[in-house]
Amino acid sequence: MQDKLLEPCIGSSEIGGRSLMVVRISITLPDNVAERLDEHVKRIGVASRSKVIADAIRAYLAERVLPKGDVFAVVVYAYNPARGDTVKRLIITQHRYHDEVAASAHVHASERECVEVAFFEGSTDRLSRLIGELERIPGVATVRIVLLRSLQPKK
Numbered sequence: 000m001q002d003k004l005l006e007p008c009i010g011s012s013e014i015g016g017r018s019l020m021v022v023r024i025s026i027t028l029p030d031n032v033a034e035r036l037d038e039h040v041k042r043i044g045v046a047s048r049s050k051v052i053a054d055a056i057r058a059y060l061a062e063r064v065l066p067k068g069d070v071f072a073v074v075v076y077a078y079n080p081a082r083g084d085t086v087k088r089l090i091i092t093q094h095r096y097h098d099e100v101a102a103s104a105h106v107h108a109s110e111r112e113c114v115e116v117a118f119f120e121g122s123t124d125r126l127s128r129l130i131g132e133l134e135r136i137p138g139v140a141t142v143r144i145v146l147l148r149s150l151q152p153k154k
């Protein structure tokens with residue numbers, strides 16, 4: 000019986016008239032996030048949490064799976080400035096990408112949260128590295144990317 004619980008549940012689902020295979024996974028969420036998710040699912044009347052979570056994952060992948068080449072993007076990240084060496088690590092990271100980040104703006108959203116917007120122009124490889132570095136800094140709560148356009152190679 001125990002082995003059966005560990006096996007992925009594979010089935011099929013229909014989306015947009017196409018039959019797709021589905022795989023059951025397990026995720027762990029903070030209780031307040033799970034409560035908010037349940038409230039949202041109930042309020043909008045979707046069939047399950049899975050639909051909302053699958054939509055969120057699709058949006059995340061659309062934002063993070065970048066085209067090859069050069070891009071112009073806006074990177075938005077929020078962080079707690081009072082947490083450990085978060086600010087110091089952010090400054091070090093920002094300076095490592097000074098060739099790609101043409102400008103940035105900083106806003107104090109609250110006593111415990113700052114938001115920064117960085118205007119990035121460069122290769123998607125460098126953008127992916129920047130995003131990864133920002134996400135690994137303790138105290139950084141969220142990182143979002145808005146890809147504005149792919150750029151033609153500079154001559």
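Note that numbering that gives the first Met the number 0 has the sequence shown beginning at 0, numbered continuously upward. Think of the CB as a built atom: it goes at the ideal place given N, C-alpha and C, for glycine as much as any other residue.
With a CB to CB cut of under 6 Å and the five nearest residues on each side skipped, what residues in its chain are close to residue i?
| i | result |
| --- | --- |
| V114 | A77, V106 and A108 |
| R125 | E99 |
In chain order, what residues of the same chain have a beta carbon less than 7 Å from the beta carbon of residue i, not counting five sequence neighbours either side?
| i | result |
| --- | --- |
| L147 | F71, A72 and V73 |
| A157 | As shown, the chain starts at 0 and ends at 154. That puts residue 157 outside it, with no answer to give. |
Considering only DSSP beta bridges, list what residue i is partnered with.
| i | result |
| --- | --- |
| T141 | A77 |
| R148 | F71 |
Taking the straight line between their C-alpha atoms, what separation do you get for residue i and residue j?
| i | j | result |
| --- | --- | --- |
| I9 | L19 | Reliability fails at I9, whose pLDDT of 43 lies under 50, so the model's placement of it is uncertain and no value is given. |
| H94 | S122 | 17 Å |
| T85 | E120 | 24 Å |
| V145 | L65 | 11 Å |
| R23 | P29 | 20 Å |
| L60 | A33 | 21 Å |
| V45 | H97 | 45 Å |
| K50 | S127 | 27 Å |
| K87 | N31 | 30 Å |
| D54 | I91 | 34 Å |
Is the separation between the beta-carbon of residue i and that of residue j shorter than 9 Å?
| i | j | result |
| --- | --- | --- |
| L89 | L133 | yes |
| R57 | A81 | no |
| I130 | R63 | yes |
| I43 | I26 | no |
Starting from the C-beta of residue i, find all residues in its chain whose C-beta is less than 8 Å away, skip the five residues before and the five after it, and write them out in chain order.
| i | result |
| --- | --- |
| S103 | Q93, E115, V116, A117 and F118 |
| R48 | L36, D37 and V40 |
| G83 | P137 and G138 |
- Message: Check whether the stretch 133 to 148 and the stretch 77 to 92 touch, using three or more Cβ-Cβ pairs below 8 Å as the test.
- Response: Cβ pair count under 8 Å is three or more, so yes.
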